[in-house]
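Chemist: Below are the structure tokens for one structure; questions will follow.
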């Protein structure tokens, strides 16, 4: 078997990746951090670093990946031993990030200088006050991992004259109060981390209208005597939600040919079967003060759950709503048990959301672990019993991103 074929088979069978939204101070998506499984202990790619490097470059410069992502810059972290195998610079916008503690020899810096002349841009991860100025000159961007550096050190380092002029990105941000402190410096451009999906109980901030509308819709859909008109009247109680339902209907590819002028017409086109998922999406986009990417994150998770469930449990219903409703706490800033008390939803969906039990719970757990880059938590042996390997899992993930992108609401 020649080397090229061997590398291709490694890539096909073992490689996983996921994206993480990177936002600005207004919580608008500006870039994506691409996490990949080459650093996972569970994935034995090769003992040859050159093969592993070729694997990285082949995938991240593949049109299959680029086509599934919106047109935003990509931030990719790689070890220094992979620099030598990066391919010629392509047209897409990416910054390669390197850990500061891996820059101990002049050979590595020489390689970075050479790649910069070829058009590559580089970022450095976790520099300190001791990082030489000559080293920092090779990097246009800086990333501080908050979980490793701590917010006090980050606030200190962004004031250093060698770091302050660069594009600064802080990752691993967990709570909104950290964001507020970082934004106040006016020197940090990008932020990422689980803070976007964390529940924050802010005094006086509630969304009673939306929660009441959602609960009433679920109840009416469970009632066989409900009419399209009565459902439309429920939605029309909030003009903003009504407008977004109509707008979202026009965004769905197979509905674009219809002229939708009111909520009742929108519901007639959507149909009762898909009503709840589209109204929930419209509701997510109606809530003020949330990251613009929250709806696309919820939608891609919903598609991922739906596609994975079709492979694992073909007869199981409710996977899309399970993925979508898993974002309810992040949207309404309320814990899941409290929210579900008000929603008469299918018990299988409820059990999945509360306990990650049952078929839907198993699907949701796999999807959440995949999205977070927790590759070692994936039950690969169990998935293989259902005919799914890492290649098919990656393909399903890419398809969920593609379907989300095609909806044109990102």
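Residue numbers (the UniProt record's numbering): 1 to 410. Virtual Cβ for every residue (Gly too), placed ideally from N, Cα, C.
Would you tell me roughly how many angstroms separate the C-alpha atoms of residue 402 and residue 241, rounded to the nearest one?
Modeler: Rounded to the nearest angstrom, the two C-alpha atoms are 26 angstroms apart.
Chemist: Thinking C-alpha only, which one of 27, 33, 24 is nearest residue 371?
Modeler: If we check each option's Cα against that of residue 371, 33 comes out closest.
Chemist: Using 9 angstroms as the threshold, is the C-beta distance between residue 123 and residue 139 below it?
Modeler: Yes, Cβ-Cβ distance for residue 123 and residue 139 is below 9 angstroms.
Chemist: Would DSSP call residue 458 helix, strand or coil?
Modeler: There is simply no residue 458 to check, as the chain begins at 1 and stops at 410 in what is shown.
Chemist: How close, in whole Å, do the beta carbons of residue 171 and residue 193 come, if the pair is a contact with beta carbons under 8 angstroms?
Modeler: Indeed they touch by this definition, with Cβ atoms about 6 angstroms apart.
Chemist: So, helix, strand or coil for residue 170, using DSSP?
Modeler: If DSSP states are grouped into helix, strand and coil, residue 170 belongs with the strands.
Chemist: Nearest to residue 283 by CA position, among 112, 299, 269, is which residue?
Modeler: Taking only the C-alpha atoms, the option nearest residue 283 is 299.
Chemist: When you compare each of 148, 188, 101 to residue 27 by their alpha carbons, which one comes out closest?
Modeler: Of the listed residues, the one whose Cα sits closest to residue 27 is 188.
Chemist: Can we say the segment 345–364 touches the segment 279–298, given the rule of at least three CB pairs closer than 8 angstroms?
Modeler: No: fewer than three Cβ pairs fall under 8 angstroms.
Chemist: Please classify residue 216: does DSSP put it in a helix, a strand, or coil?
Modeler: Three-state DSSP puts residue 216 in a helix.
Chemist: Confirm, please, whether the CB-CB distance from residue 276 to residue 321 is below 9 angstroms.
Modeler: Cβ atoms of residue 321 and residue 276: closer than 9 angstroms.
Chemist: Measuring alpha carbon to alpha carbon, tell me which residue in 156, 165, 146 is nearest residue 133.
Modeler: It is 165 whose Cα lies nearest to the Cα of residue 133.
Chemist: Only counting the same chain, and skipping five residues up and downstream in sequence, which positions put a Cβ closer than 6 angstroms to that of residue 330?
Modeler: Around residue 330: 197.
Chemist: Give a yes or no on whether the C-beta atoms belonging to residue 305 and residue 367 are separated by under 9 angstroms.
Modeler: Yes.
Chemist: Could you please give the first and the last residue of the uninterrupted beta strand (DSSP E) stretch that includes residue 125?
Modeler: Run containing residue 125: 121–125, per the beta strand (DSSP E) assignment.
Chemist: How should residue 397 be labelled, buried or exposed, when 16 other C-beta atoms within 10 angstroms of its C-beta is the threshold for buried?
Modeler: It is buried - the Cβ of residue 397 has at least 16 other Cβ atoms within 10 Å.
Chemist: Pick from 268, 102, 406, 74: whose alpha carbon is nearest that of residue 93?
Modeler: Nearest option by C-alpha distance: 74.
Chemist: Taking residue 21 as part of the beta strand (DSSP E), name the residues at either end of that continuous run.
Modeler: First-last of the beta strand (DSSP E) with residue 21: 17–23.
Chemist: Rounded to a whole number of angstroms, what is the C-alpha to C-alpha distance between residue 216 and residue 363?
Modeler: The straight-line gap from Cα to Cα measures roughly 27 angstroms.
Chemist: Can you give the beta carbon distance from residue 146 to residue 163, rounded, assuming they're within the 8 angstroms contact cut?
Modeler: The pair is not a contact, with the Cβ atoms about 15 angstroms apart (cut-off 8 angstroms).
Chemist: Within the continuous beta strand (DSSP E) that includes residue 341, where are the two ends?
Modeler: Looking at the DSSP string, residue 341 is not in any beta strand (DSSP E); the run it does join, the alpha helix (DSSP H), is 336–341.
Chemist: The beta strand (DSSP E) spanning residue 95 covers which residue range?
Modeler: Element bounds for residue 95: 94–99.
Chemist: Report the residue ranges of all beta strand (DSSP E) runs contained in full by the segment 261–319; include only those spanning at least 3 residues, in chain order.
Modeler: If we require 3 residues or more, the segment 261–319 turns out to have no beta strand (DSSP E) run fully inside it.
Chemist: Classify residue 385: buried if its beta carbon has 16 or more other beta carbons within 10 angstroms, exposed otherwise.
Modeler: Residue 385 should be labelled exposed.
Chemist: Check the DSSP bridge columns for residue 421 and list the partner residues they point to.
Modeler: Absent from the structure is residue 421, since the part of the chain shown begins at 1 and ends at 410.
Chemist: With distances taken Cα to Cα, identify the nearest neighbour of residue 186 among 214, 173, 167, 176.
Modeler: Comparing Cα-Cα distances from residue 186 to each of 214, 173, 167, 176, the minimum goes to 167.
Chemist: Can you name the start and end residues of the alpha helix (DSSP H) that residue 175 belongs to?
Modeler: Run containing residue 175: none; DSSP gives neither H nor E here.
Chemist: Helix, strand or coil: which one does DSSP assign to residue 135?
Modeler: Helix, per DSSP.
Chemist: Strictly by DSSP, which residues pair up with residue 111?
Modeler: DSSP, once it has assigned bridges, lists no residue as partnering residue 111.
Chemist: To the nearest angstrom, how far is it from the Cα of residue 130 to the Cα of residue 96?
Modeler: Cα-Cα distance, rounded: 22 angstroms.
Chemist: Given this structure, state the Cα-to-Cα distance separating residue 337 from residue 105, to the nearest angstrom.
Modeler: If I take the Cα positions, the gap works out to 53 angstroms.
Chemist: Count the other C-beta atoms from every protein chain shown that fall within 10 angstroms of the C-beta of residue 234, then say buried if there are 16 or more, exposed otherwise.
Modeler: Result: buried.
Chemist: Pull up the DSSP beta-bridge partners for residue 352, would you.
Modeler: According to DSSP, residue 352 bridges with nothing at all.
Chemist: So, with DSSP's three-state summary, where would you put residue 233?
Modeler: Here residue 233 sits in helix by DSSP.
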